[in-house]
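Inspection log for the structure reproduced underneath, given as structure tokens.
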Amino acid sequence: MKYDVVVVGSGPAGSATARFAAESGAKVLIIERRQEVGVPVLCGEGISRKIDEWDMLDGKRWIAGKMEGARIYSPDGTMVKLSADVAGNETGYVVYRDIFDQELARQAIKTGAKIMMNTTVVGLLKDKDKIKGVKAKHFDEEIEIEADIIVGADGVESKIGQWGGIDTTLKTKDLETCAQYTLTGIDCKDAYCDFYLGKEIAPGGYIWVFPKGKDVANVGIGVLASLSEAGMAKKLLDDFIDSHPELKKGEPIRFLAGAVPVANPVDTVRDNLILVGDAARHVDPITGGGLTHCLEGGKIAGEVIGKAVKAKDFSADFLSEYEKRWKEAFGKKIKRNYLVKEIMLDMEDKTFNMLADSLKDYKFDQISTLGLVKALVLKHPTLLMKLTPLLKLSEGKEKDT
Amino acid sequence: MEKPKAKVDRKKCLACGGCISVCPQDAMSMCGGKAFVTVEKCISCAICIRICPVGAVSGEEVHQL
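Just so you know, the sequences run in chain order A and B.
For what it's worth, my numbering labels the leading residue of the first sequence as 1, then goes sequentially.
For what it's worth, my numbering labels the leading residue of the second sequence as 1001, then goes sequentially.
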């Protein structure tokens, strides 16, 4: 078997890459180790409304709900409400990830990509050091598939990168360890995504409540792995639900665990090799959201692969156009937000409470750095000092643009 | 006696892949839809135990024959 491209993993990044590579004429095979695309879901299922701009998904079956905004609760319970205009870039829709992923895979196949399920890649095929394809197990059968480009879309636990000589091992301070119930039998009073912060609630992370309908919501937690102990994410989530009567009356219809990289992106290109999605650490280190990056990055990867196939040039040098373009599209933001994450980790609960108290009545529709700083400092002058590192970053950003 | 090596409770593991992504020795992989420890590679650092969101990884004493 010989293909131009083998994409390992049929998540959003893999399917988007496959689609745009196939669209530009490449012969593409997606390999998926599971028996069903998108299952089990490993995700909070929130996505930015930026997805509307790309028009990559047909129909609306993948949408559970369109969000009207977000509420952020500080450790002492002070609530800051963000309208859809302000929050929409982070929380636009809550989706059914299984349908979402299957729809993206369908689009890839429609453009000519092939897919092979129940197939686990166990290593790279190499001729000396040159990558020539993958070794895989399809049920019990060992197979070899040749390809000019291997795409590692194999998620947070990516092995393709390691095998290709890219160190993808995460430090525990760069991983959020997550657990989530889908609770039904609760009252979702409106289409707002709720976020709960606090060192006691979720060390180095947050708890989220994302409504998926009138009486069903994803209730999940992310804990920074370096602050975690065995089973901590599940335990803290259970404690939170127990102490919230409106959630406690619900019944879980799904329980899942998750792992989200909150790291600086890795190298994403080698000769004959590209990494996309979680494997490339294309996740916002503050929110843990990655879906839009997966799609945008996948599209870029697919287009560059198409060019490579036409030019018959699969060198890292040729493929580096992908790295250059994703860095421009969202890489700078990830890098900046990684620094913000580091600063926020050092902030005490008290600081978040003051921040929330200053912002609870702030009109976010007229957002400007100066206005924001005024609002913050008028109420709590000591905040200025605590936020200096953040303000310095934001000044740098304005110079950048 | 050696330090305890990581052991996955396959009934509890929900296949999130977190342990695989942080293992400094590449001793963990996904096998049959669950995390799997290659015991020979495990250096008993216990990172995977601490980061498991559902407590599916524990330490197991390994007695050498």
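Even glycine gets a Cβ: it sits at the ideal position worked out from N, Cα and C.
Decide if residue i is buried, meaning its Cβ has at least 16 other Cβ atoms within 10 Å, or exposed.
i               : result
residue 337(A)  : buried
residue 253(A)  : exposed
residue 35(A)   : exposed
residue 1053(B) : buried
residue 54(A)   : exposed
residue 388(A)  : exposed
residue 348(A)  : exposed
residue 392(A)  : exposed
residue 1019(B) : buried
residue 210(A)  : buried
residue 1(A)    : exposed
residue 43(A)   : buried
residue 61(A)   : exposed
residue 1031(B) : exposed
residue 218(A)  : buried
residue 1071(B) : Residue 1071(B) lies beyond the residue range present for chain B, which begins at 1001 and ends at 1065; the question has no answer from this structure.
For residue i, I'd like the list of residues in its chain whose CB is within less than 8 Å of its CB, leaving aside the five on either flank, ordered along the chain.
i               : result
residue 1043(B) : 1024, 1025 and 1027
residue 400(A)  : Note on residue 400(A): pLDDT 49, under 50, position unreliable in the model; no value is reported.
residue 51(A)   : 57, 92, 93, 291, 292 and 295
residue 71(A)   : 79, 80, 81, 82, 192, 193, 194 and 195
Taking Cβ-Cβ distances shorter than 7 Å, what residues in chain A pair up with residue i?
i               : result
residue 1043(B) : Result: empty, since nearest Cβ-Cβ is about 13 Å, beyond 7 Å.
residue 1026(B) : 162
residue 1037(B) : The contacting residues do not exist; residue 1037(B) stays about 13 Å from chain A at best.
residue 1050(B) : 228, 229 and 230
Closer than 7 Å by beta-carbon distance: list the chain B residues that pair up with residue i, in chain order.
i              : result
residue 155(A) : 1017
residue 136(A) : The premise fails here: residue 136(A) is roughly 13 Å from chain B at the closest Cβ pair, so nothing lies under 7 Å.
The beta strand (DSSP E) that contains residue i, what's its start and end?
i               : result
residue 1035(B) : 1034 to 1037
residue 95(A)   : 93 to 95
residue 182(A)  : 175 to 184
residue 123(A)  : 119 to 127
residue 38(A)   : Neither: residue 38(A) is in no beta strand (DSSP E) and is coded neither H nor E.
residue 161(A)  : It is not in any beta strand (DSSP E) - residue 161(A) instead sits in the alpha helix (DSSP H) that spans 160 to 163.
residue 144(A)  : 141 to 152
residue 131(A)  : 130 to 138
residue 45(A)   : Per DSSP, residue 45(A) belongs to no beta strand (DSSP E) and is neither H nor E.
By the DSSP assignment, the alpha helix (DSSP H) with residue i in it spans what residues?
i               : result
residue 344(A)  : 332 to 346
residue 354(A)  : 349 to 359
residue 113(A)  : Neither: residue 113(A) is in no alpha helix (DSSP H) and is coded neither H nor E.
residue 383(A)  : 383 to 386
residue 62(A)   : Segment: none, residue 62(A) is in no alpha helix (DSSP H) and carries neither H nor E.
residue 1022(B) : 1018 to 1022
residue 52(A)   : 51 to 54
residue 71(A)   : Segment 69 to 73 is the beta strand (DSSP E) holding residue 71(A); no alpha helix (DSSP H) there.
residue 15(A)   : 12 to 23
residue 1048(B) : 1047 to 1051
Does at least one heavy atom of the ligand NAD sit under 7 Å from the Cβ of residue i?
i            : result
residue 8(A) : You won't find the ligand NAD in this model; it holds no ligand whatsoever.
Give the interface partners of residue i over in chain B, defined as CB-CB distance under 9 Å, in chain order.
i              : result
residue 280(A) : Those do not exist, as residue 280(A) stays about 13 Å from chain B at its closest Cβ, beyond 9 Å.
residue 258(A) : 1014, 1016, 1017, 1018 and 1053
residue 42(A)  : 1014, 1015, 1016 and 1017
residue 178(A) : 1016, 1018 and 1053
Please list, in chain order, all residues of the same chain as residue i whose beta carbon is under 7 Å from its beta carbon, the five residues on each side excluded.
i              : result
residue 161(A) : 152, 168, 266, 275 and 279
residue 405(A) : This structure does not reach residue 405(A), given that chain A is present from 1 up to 401, and the question cannot be answered.
residue 246(A) : 186 and 187
residue 69(A)  : 81, 82, 83, 84, 87 and 192
residue 19(A)  : 107, 108, 111, 113 and 302
residue 163(A) : 123 and 124
residue 352(A) : 74, 75 and 197
residue 316(A) : 269, 270 and 271
residue 320(A) : 269
residue 184(A) : 215, 216, 250, 251 and 253
For residue i, which residues in the same chain have their Cβ closer than 6 Å to its Cβ, ignoring the five residues on either side in sequence?
i               : result
residue 318(A)  : 308
residue 358(A)  : 375, 376, 379 and 380
residue 228(A)  : 177
residue 13(A)   : 153, 276, 277, 294 and 298
residue 39(A)   : 98
residue 300(A)  : 322, 325 and 326
residue 329(A)  : 296
residue 1035(B) : 1008, 1013, 1019 and 1028
residue 199(A)  : 349
residue 10(A)   : 30, 32, 37 and 105
Kindly say whether residue i, judged by its beta-carbon, lies nearer than 8 Å to any beta-carbon of chain E.
i               : result
residue 1054(B) : Absent from the structure: chain E. Protein chains present are A and B.
Name the chain B residues whose beta carbon is nearer than 8 Å to that of residue i?
i              : result
residue 273(A) : Correct list: empty, because the minimum Cβ distance to chain B is about 17 Å.
residue 234(A) : 1053, 1054 and 1055
residue 75(A)  : Near residue 75(A) there are no residues of chain B at all, since even the closest Cβ is about 21 Å away, more than 8 Å.
residue 261(A) : 1021
Give the residues of chain A in contact with residue i, contact being defined as C-beta atoms less than 8 Å apart.
i               : result
residue 1022(B) : 169, 170, 171, 172, 175 and 225
Going residue by residue through the stretch 260 to 322 of chain A, where are the continuous alpha helix (DSSP H) segments of at least 4 residues, counting only ones entirely within it? Qualifying alpha helix (DSSP H) stretches, in chain order: 291 to 311.
Quick one: which unbroken beta strand (DSSP E) runs of 3-plus residues sit fully inside the stretch 189 to 255 of chain A? Chain order, please. If we require 3 residues or more, the beta strand (DSSP E) runs fully inside the stretch 189 to 255 of chain A come out as 192 to 196, 206 to 211 and 216 to 224.
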